[in-house]
Amino acid sequence: MRKVLLSSMTRSYLLLILFVLVQLQASAQPSDTVRQLREVQVQANRIQPGFNEFSASLIVINRPDIERSPGLSVADLLHYYAGVDIRNRGANGVQADAGIRGSTFDQVLILVNGIKISDPQTGHHSLNLPVDMESIERIEVLKGPAGRVFGQNAFAGAINIITRKVDHDYMRVQALAGDYGLGGVRLSAGMVEGTAAHHFSVSRDVSDGYRYNTDYEMTNLFYESRIGTARGEWNILGGWSAREFGANGFYATPAATEQYEEVQTSLVAVSYRIKPVTNWLLQHRVYWRRNQDMYLFVR
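Per the numbering used here, the very first residue in the sequence shown carries number 1; after that it's consecutive.
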């Protein structure tokens, strides 16, 4: 009996010694290696870069593309480009909405020479532009989120319309006619005097409509002057657009055939660009936009 007891005590001592040795061995092992990583800073830049500096998809519609297009309005022109969804109500862009990559019309920002003209009332009026096709040098379509740089309404993208910079004197007259009482006339002219360049355009389009209560009358006036100085350039811009049209089924149910709308859009902008030093550009801009809308459910 005593022999068995000694054997058990011996076994306990051995286990205790083994446990202590294991703990000492674990303590003697080197600790985990700690490596100091380089610091990474993520910053957002509020300086507005050019459209060509974005990583998002960009479409540039140049003047030759505009002249080859059969479209009569900006809405008709944009309809031919992938990723841009133009939802026309009526012909000749009398009322149209712009979407990009499946967005709504309130999620696309419309600009003219970088001036935001998206309407605060509703995106239905964003394409009520006082700028004719003859007055456009190019159109830049940014497909992708741009709200960080351009602010609200640029959730899905932005459409920037760049007007023409006149470099010689010219005058151009166009006329059109077609079925359903379609008719129109357009006059545009440019003049250069020293460091000043002036551009003027006026247009008038009418139609009896291809179906009941889709008649329309549209008038556009546009003027722009660029005046160079020793240190910079003044830009003075003004435009006015008036649209009167029957809105058969435009907004309510298809059964609402007596709708009617009149919209007037005015735009005035003055800007001055100056380069104080190399690689620096300062631009001061003041603009005013007004939209007047009268809608009748029963004409």
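Idealized CB from N, CA, C, for every residue including glycine. This structure is a prediction, so every number in the text was calculated from the model and none was measured.
Query, Result
"LEU15, DSSP secondary structure in three states", "helix"
"PRO64 classed as buried or exposed, judged by whether at least 16 other C-beta atoms fall within 10 angstroms", "exposed"
"Opposing strand residues paired with SER241 [DSSP bridges]", "ASN220 and THR265"
"Reduced DSSP category for VAL108 - H, G, I as helix; E, B as strand; rest coil", "strand"
"Own chain, CB closer than 6 Å to LEU282, minus 5 neighbours either side, in chain order", "ILE274"
"Of the residues ASN62, ALA247, TRP234 and SER207, the one placed nearest THR195, counting alpha carbons only", "TRP234"
"Beta-carbon contacts of LEU6 that lie in its chain and below 8 Å, excluding the five residues immediately before and after", "Note that LEU6 scores a pLDDT of 49, beneath 50, so its modelled location is shaky and nothing firm can be said."
"Nonlocal neighbours in the same chain, by C-beta distance under 6 Å from GLY238, ignoring five residues either side", "TYR223 and VAL268"
"Nearest-angstrom beta carbon gap, GLN264 and ARG299 [assumed within contact, 8 Å]", "Contact flag wrong, Cβ pair sits at about 18 Å."
"Contacting residues, own chain, Cβ-Cβ under 7 Å from HIS284 (five flanking each side not counted)", "SER271 and TYR272"
"Close Cβ partners of PHE297 (< 8 Å) along its chain, the five nearest in sequence each way excluded", "ALA252, ALA256, GLU258 and GLN259"
"Local conformation of VAL74 per DSSP, three classes", "helix"
"Simplified DSSP state of VAL270, which is helix, strand or coil", "strand"
"Top-ranked residue by Cα proximity to SER57, from PHE245, GLY71 and ILE159", "ILE159"
"Buried/exposed call for GLY157, threshold 16 Cβ in 10 Å", "buried"
"7 Å Cβ shell around SER118 - same chain, five flanking residues per side excluded", "LEU109, ILE110, SER126 and ASN153"
"Three-way DSSP call (helix, strand, coil) for GLY183 in this model", "strand"
"Member of GLY114, GLN95, LEU221 and LEU77 whose CA lies at the smallest distance from the CA of PHE105", "GLN95"
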